[in-house]
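Taken in order, these protein sequences are the chains called W and F. Here the working numbering is used: position 78 in the first sequence is 78, and no number is missing along the way. Here the working numbering is used: position 281 in the second sequence is 704, and no number is missing along the way. C-beta atoms are modelled at their ideal positions from N, C-alpha and C, and glycine is treated no differently. Remarks on the structure that follows.
There are 2 protein chains.
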Amino acid sequence: MENTDLRLASAQRLDAQDDLAGYRNEFVFAESDLVYMDGNSLGRLPRRVLKRIQAALESEWGRGLIRSWNTDWYEAPVRVGETVAPLIGASAGQVVVSDSTSINLFKLVMAALALREDRTVIVTDELNFPSDLYVLQGCARLLGERHHLHRVPSLDGITIDQQALLDAIDERTALVTLSHVTFKSGFLHDAAAVTERAHQAGALVLWDLSHSVGAVPVELDRWGADLAVGCTYKYLNAGPGSPAFLYVRRDLQEEASSPIWGWFGHRAPFAFDPNYDPPSGITRFLVGSPCILAALALEAALKPLLDAGIARVHEKAMRLTSYLIELADAVLAPFGFEVASPRDPMRRGAHVSLRHEDAYRINRALIEEMNVLPDFREPDNIRLGLSPLYTSYTDVWKGIDRIRQVVSEKRFERYTNDRLPVT
Amino acid sequence: MENTDLRLASAQRLDAQDDLAGYRNEFVFAESDLVYMDGNSLGRLPRRVLKRIQAALESEWGRGLIRSWNTDWYEAPVRVGETVAPLIGASAGQVVVSDSTSINLFKLVMAALALREDRTVIVTDELNFPSDLYVLQGCARLLGERHHLHRVPSLDGITIDQQALLDAIDERTALVTLSHVTFKSGFLHDAAAVTERAHQAGALVLWDLSHSVGAVPVELDRWGADLAVGCTYKYLNAGPGSPAFLYVRRDLQEEASSPIWGWFGHRAPFAFDPNYDPPSGITRFLVGSPCILAALALEAALKPLLDAGIARVHEKAMRLTSYLIELADAVLAPFGFEVASPRDPMRRGAHVSLRHEDAYRINRALIEEMNVLPDFREPDNIRLGLSPLYTSYTDVWKGIDRIRQVVSEKRFERYTNDRLPVT
Numbered sequence: 001m002e003n004t005d006l007r008l009a010s011a012q013r014l015d016a017q018d019d020l021a022g023y024r025n026e027f028v029f030a031e032s033d034l035v036y037m038d039g040n041s042l043g044r045l046p047r048r049v050l051k052r053i054q055a056a057l058e059s060e061w062g063r064g065l066i067r068s069w070n071t072d073w074y075e076a077p078v079r080v081g082e083t084v085a086p087l088i089g090a091s092a093g094q095v096v097v098s099d100s101t102s103i104n105l106f107k108l109v110m111a112a113l114a115l116r117e118d119r120t121v122i123v124t125d126e127l128n129f130p131s132d133l134y135v136l137q138g139c140a141r142l143l144g145e146r147h148h149l150h151r152v153p154s155l156d157g158i159t160i161d162q163q164a165l166l167d168a169i170d171e172r173t174a175l176v177t178l179s180h181v182t183f184k185s186g187f188l189h190d191a192a193a194v195t196e197r198a199h200q201a202g203a204l205v206l207w208d209l210s211h212s213v214g215a216v217p218v219e220l221d222r223w224g225a226d227l228a229v230g231c232t233y234k235y236l237n238a239g240p241g242s243p244a245f246l247y248v249r250r251d252l253q254e255e256a257s258s259p260i261w262g263w264f265g266h267r268a269p270f271a272f273d274p275n276y277d278p279p280s281g282i283t284r285f286l287v288g289s290p291c292i293l294a295a296l297a298l299e300a301a302l303k304p305l306l307d308a309g310i311a312r313v314h315e316k317a318m319r320l321t322s323y324l325i326e327l328a329d330a331v332l333a334p335f336g337f338e339v340a341s342p343r344d345p346m347r348r349g350a351h352v353s354l355r356h357e358d359a360y361r362i363n364r365a366l367i368e369e370m371n372v373l374p375d376f377r378e379p380d381n382i383r384l385g386l387s388p389l390y391t392s393y394t395d396v397w398k399g400i401d402r403i404r405q406v407v408s409e410k411r412f413e414r415y416t417n418d419r420l421p422v423t
Numbered sequence: 424m425e426n427t428d429l430r431l432a433s434a435q436r437l438d439a440q441d442d443l444a445g446y447r448n449e450f451v452f453a454e455s456d457l458v459y460m461d462g463n464s465l466g467r468l469p470r471r472v473l474k475r476i477q478a479a480l481e482s483e484w485g486r487g488l489i490r491s492w493n494t495d496w497y498e499a500p501v502r503v504g505e506t507v508a509p510l511i512g513a514s515a516g517q518v519v520v521s522d523s524t525s526i527n528l529f530k531l532v533m534a535a536l537a538l539r540e541d542r543t544v545i546v547t548d549e550l551n552f553p554s555d556l557y558v559l560q561g562c563a564r565l566l567g568e569r570h571h572l573h574r575v576p577s578l579d580g581i582t583i584d585q586q587a588l589l590d591a592i593d594e595r596t597a598l599v600t601l602s603h604v605t606f607k608s609g610f611l612h613d614a615a616a617v618t619e620r621a622h623q624a625g626a627l628v629l630w631d632l633s634h635s636v637g638a639v640p641v642e643l644d645r646w647g648a649d650l651a652v653g654c655t656y657k658y659l660n661a662g663p664g665s666p667a668f669l670y671v672r673r674d675l676q677e678e679a680s681s682p683i684w685g686w687f688g689h690r691a692p693f694a695f696d697p698n699y700d701p702p703s704g705i706t707r708f709l710v711g712s713p714c715i716l717a718a719l720a721l722e723a724a725l726k727p728l729l730d731a732g733i734a735r736v737h738e739k740a741m742r743l744t745s746y747l748i749e750l751a752d753a754v755l756a757p758f759g760f761e762v763a764s765p766r767d768p769m770r771r772g773a774h775v776s777l778r779h780e781d782a783y784r785i786n787r788a789l790i791e792e793m794n795v796l797p798d799f800r801e802p803d804n805i806r807l808g809l810s811p812l813y814t815s816y817t818d819v820w821k822g823i824d825r826i827r828q829v830v831s832e833k834r835f836e837r838y839t840n841d842r843l844p845v846t
């Protein structure tokens, strides 16, 4: 990378050429000097969410009161689900917004295992998000520990050998479930190939799209995916703990059953029938009253992303992460940093991890002294999220430069390795 | 009731003597003429929620960004749970705010049935909320249809004979689960007696407090209750689809296990341990990322209620509902209305149902023409919720008077019986 232009001016030139740069104005920037590299953990506040929530509070709740359930709210899980759908390549009638990612994962894993009762292997990988593993372990326990959780290993902690993954799927496999983009290294699975192999073997596939939706193209219908879940507070910018979404392929909906039967998943919630009777479509996977304010925030937050289009967002994600990697190689490698994400831009999402033996303390110094907000991930990763709609090349340049300052000036040495509750 | 003073002046006199009248100022009243009798379905917007959400958006999300997880949000499920706790008679460490009522019910029913594996009967009643029945049916299905759901009948559709209920609990009973206040008639169970009988028989007890919390005294610790869930968008005024709460008695927490294992229910969510390892306390019943904005809304919404104190709130609930029943007997009974709630104020919550053969159409007319917002509940109930913090005696008087107008002028006859999606 000896030809990398390391000057700030090069970043500024890239920003000037960036046709998505205008979308930055869609978001709140309360501190101009802050370098925010954590949009993959909590997306920035979209300006239109402020307005939408204000209206929801004052007009819909304050003035409309219970009437707003009829005029706007009751349809929200489906309506907002349909708004998410184009971002994940889903045609109508297959997506709803509800609950949390882990709860939705539980529902769909239980549904999938019931559809493949004669099979006892769940295939996942070592890079999957721990909460997904916990859900799988919990499902296996509920079902009497009949299932074996096969975690395909990662040899480098960064990638999963795709052939090894495909080879792990066979006629004992009930379900293959993976994070489409892995939470730490940002590795991007070849979802079409995995789905095809699973179907050849008669298994179902469930994608966790939390780290890919809004950053890379997702084509559930085209892949032939069976099931998917994802979170909305990362690249979809819907706010802390905003509701998740779930996808069930249309022709599975009739036979798949939610393990949690609630009134919003009933054919006629307000008939107050004493017996559960699910509708034929996707709404059978709803459970209780949906969290309306957060669903409306999501609906508003999606507008800039839908307007920009996922192809351009992905193009910028690849350019931003490549630029970061070039700078890291040139500027940070001499200080002991190592890129812990795939170097092929087609095989990664919109975040990059850098490994360093003092990562935790460097991360603390970046937050406390340098006005940089990265994410630390155990044991030694500084994870840098580059949400394409609002992250500039200048942000990337400044972020790398400030990391350089922390290590070259040994500013991290005054911090301890004692972990804060959330890092 | 021939001595009932039917004049508006009598209502105004009662309001003048009401020492809770000032709490009305805590809430948004966008339409002065509106008679809102649906606070038991969606509580009014508390003014301080507007301010709290504004601050959460602008300062915490917009400015603080991911840092707010450390400073405020991470502890919210526990902190807000502890704020709910005094309203349900729970000492510290037994309540968290999370998910929906139905999801929480699922978690606790599954936990309870696992603790009583040798028993196969679940006792509930015919007046329980249908979503609770669906959850129970779903749990029974997941567990291989081993359980029998025994629904103690209601002879009048209003009350449950307490002796019949106590007699239904025996050594085959795994779990007794009931709505503390029933959703339609407002019948209030004798929770202490039911809990005592269940424990004598070796069964566990789970109370759904959705229609009682914030309206009547709840004393979970004193009753010796095992488990409880409840919703927060009714008398707790936390907004549409706001998160629910759950309670697990301290000395059950170690042996009880959530059926849904997620990272917020892990001992160390940010250690990213690949294996599920629950903490010893109540947080093992959390699952995914909690919906923060809604939890903060709840926290703010609770302040006036905690300040007023549940004893005074309950006192006013009894007076308001008694006043409504007196007026209904005097003014509406001649038009075919029948009180479908308990007449003993100690045996009901803060809502009263009135039965009429044209209830659906009368309800439509009240909404469309009379600026009254009641709730219709199948098949023939007009349900009137009198949330004590902001409902006045004048509201009750006006509500009854406008119902009288609708029936005496036969205004309902222009409406059909075709149901709207939410009513």
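Span separating the alpha-carbon of residue i from that of residue j
| i | j | result |
| --- | --- | --- |
| F:Arg735 | F:Leu443 | 8 Å |
| W:Asn128 | W:Trp207 | 11 Å |
| W:Met1 | F:Trp686 | A caution first: W:Met1 carries a pLDDT of 43, below 50, which makes its placement in the model too unreliable to give a value. |
| W:Ala11 | W:Ser41 | 24 Å |
| F:Ala439 | F:Glu454 | 21 Å |
| W:Ile88 | W:Ala114 | 25 Å |
| W:Gly349 | F:Arg806 | 52 Å |
| W:Leu354 | W:Val109 | 33 Å |
| F:Gly711 | W:Ser242 | 11 Å |
| W:Ala192 | W:Pro279 | 30 Å |
| F:Gly688 | W:Val396 | 35 Å |
| W:Gly497 | W:Thr416 | The displayed coordinates of chain W run from 1 to 423. Any statement about residue 497 of chain W would go beyond what the structure contains. |
| F:Ala587 | F:Leu556 | 19 Å |
| F:Ser554 | W:Gly43 | 34 Å |
| F:Glu549 | W:Ala256 | 29 Å |
Contact list for residue i against chain W, beta-carbon separation under 7 Å
| i | result |
| --- | --- |
| F:Gly485 | Val28, Ala30, Leu45 |
| F:Ala694 | Glu378 |
| F:His689 | Tyr134 |
| F:Leu643 | Residues of chain W passing the Cβ test: none, with the nearest at roughly 21 Å. |
Residues that residue i contacts on chain F, provided the C-beta gap is smaller than 8 Å
| i | result |
| --- | --- |
| W:Tyr393 | Chain F residues near W:Tyr393: none, gap ~20 Å exceeds 8 Å. |
| W:Ser41 | Ile489 |
| W:Val287 | Ser523, Ser525, Ile526, Phe529 |
| W:Trp207 | Near W:Trp207 there are no residues of chain F at all, since even the closest Cβ is about 17 Å away, more than 8 Å. |
| W:Pro279 | Within 8 Å Cβ-Cβ: nothing; W:Pro279 doesn't reach chain F, min ~13 Å. |
Chain F residues whose Cβ lies nearer than 9 Å to that of residue i
| i | result |
| --- | --- |
| W:Arg312 | Within chain F, no residue comes near W:Arg312; the closest Cβ sits about 24 Å away, beyond 9 Å. |
Supposed contact pair residue j and residue i - C-beta distance, whole angstroms, cut 8 Å
| i | j | result |
| --- | --- | --- |
| W:Pro334 | F:Tyr497 | Actually they do not touch by this definition, with Cβ atoms about 36 Å apart. |
| W:Gly39 | W:Thr391 | 7 Å |
| F:Arg742 | F:Ala788 | About 28 Å; that fails the 8 Å criterion. |
| F:Val652 | F:Ala621 | That pair is no contact at about 17 Å. |
| F:Thr547 | F:Leu566 | So it is not a contact: roughly 16 Å between Cβ atoms. |
| F:Tyr446 | F:Ala731 | 6 Å |
| W:Gly138 | F:Ile683 | 6 Å |
The ligand ZN heavy atom lying under 7 Å from the CB of residue i
| i | result |
| --- | --- |
| F:Ile683 | Absent from the structure shown: the ligand ZN. Ligands present: none. |
Using a Cβ cut-off of 8 Å, which residues of the stretch 651-675 of chain F contact any Cβ in chain W, in chain order?
Cys654, Tyr656, Gly662, Pro663, Gly664, Ser665, Pro666, Ala667
Determine which residues of the stretch 116-148 of chain W have a Cβ less than 7 Å from any Cβ of chain F, and write them out in chain order.
Pro130, Ser131, Leu133, Tyr134, Val135, Gln137, Gly138, Leu142
Which residue spans inside the stretch 348-403 of chain W form an unbroken alpha helix (DSSP H) run of at least 4?
359-369
Going along the chain, which unbroken runs of the beta strand (DSSP E) with 3 or more residues stay wholly within the stretch 568-602 of chain F?
571-575, 596-602
Runs of alpha helix (DSSP H) lying entirely within the stretch 708-752 of chain F, each at least 4 residues, in chain order:
715-731, 733-750
Where the stretch 79-109 of chain W meets chain F: residues whose CB sits under 7 Å from a CB there:
Asp99, Ser100, Thr101, Ser102, Ile103, Phe106
Check distances from the C-beta atoms of the stretch 344-375 of chain W to those of chain F and list, in chain order, the residues that come in under 8 Å.
Ile367, Leu373, Asp375
Only counting runs of 3 or more residues, tell me where the beta strand (DSSP E) segments fall wholly within the stretch 591-665 of chain F, in order along the chain.
596-602, 627-631, 650-653
Going along the chain, which unbroken runs of the beta strand (DSSP E) with 3 or more residues stay wholly within the stretch 64-120 of chain W?
95-97
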